[in-house]
Amino acid sequence: MEAATEQFRALLSACAAVSRASTTPSDPRDSADASLGLAPERLPFWDALCGDSASVESLSLAADLGILVASTNVSTAKLVGLLRIIITHPSLHCPGLLRLAQLTFRGLKLAKRWDALSDVSTQLLNAVYDNIQALDTRGRALRFYIEILVGFQHSAELYELNVPKIVALADLLSADEEQNKELKK
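Residue numbers (this note's numbering): 982 to 1166.
See the structure below:
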């Protein structure tokens, strides 16, 4: 548990540093210093905790972290900003952290943060879509993308607006790559 606490603090510190250095609040990739972010040696922890091969106990802890983040008393804008950094900053690119963002998204529903859920759905959908393009995060990002499109919406508007991207995904997934064969099962 202490290791998880230390890693979580490091993650939040890295996100705060990226946020402070960002020249454009809506795009943390515009960070003034590309070296800001999470140290590469910390990424395996998040893949072990939240990755597809994580144990049930690890996933339970990760889900609790997602609920904790979602239920904290912070503004919706700050919460969306945190998730944007986790999803888009190059130093945080790994399937485990993408799943942590997804678990936080689920936590928003449990915490009944409808305003945050709506903002994440509309503001971060493109960032999640961009993660589908990378092979190492494709499976997790695809699940998250679908969950956003169909999981928590009371109308089909978000889905309808993204039909061209869904068609492009069909083309991408129909390509003859081993990674895509696994996704089709």
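We put the CB at the ideal spot given by N, CA and C, even for glycine. Remember, it's a predicted structure, so these values are computed and weren't measured experimentally.
Closest in alpha carbon position to residue 1145, among 1136, 1110 and 1115, is 1110.
In this structure the segment 1047-1059 lies against the segment 1093-1107, because at least three pairs of beta carbons, one per stretch, are closer than 8 Å. Cβ neighbours of residue 989 within its own chain (closer than 8 Å, five residues either side excluded): 1046. Residue pairing by DSSP leaves residue 1099 without any beta bridge partner. Selection 987, 1000 and 984 evaluated against residue 1062 yields 1000 as nearest (Cα-Cα).
Secondary structure note for residue 1063: its alpha helix (DSSP H) is the uninterrupted segment 1057-1069. DSSP places residue 1054 outside any alpha helix (DSSP H), giving it a letter other than H or E.
Sequence-distant Cβ neighbours of residue 1125 in its own chain, meaning closer than 6 Å and more than five residues away, are 1083 and 1109. A residue is called buried once 16 or more other Cβ atoms fall within 10 Å of its Cβ, and residue 1071, having fewer, is exposed. Remark: C-beta atoms of residue 1076 and residue 1152 do not approach each other more closely than 8 Å.
For residue 1030 and residue 1052, the gap between their C-alpha atoms comes out near 20 Å. Within the model, the alpha-carbon separation for residue 1118 versus residue 1079 is close to 8 Å. In the displayed model, residue 1036 falls within coil according to three-state DSSP, outside both helix and strand. Annotated three-state conformation of residue 1003 is strand, per DSSP.
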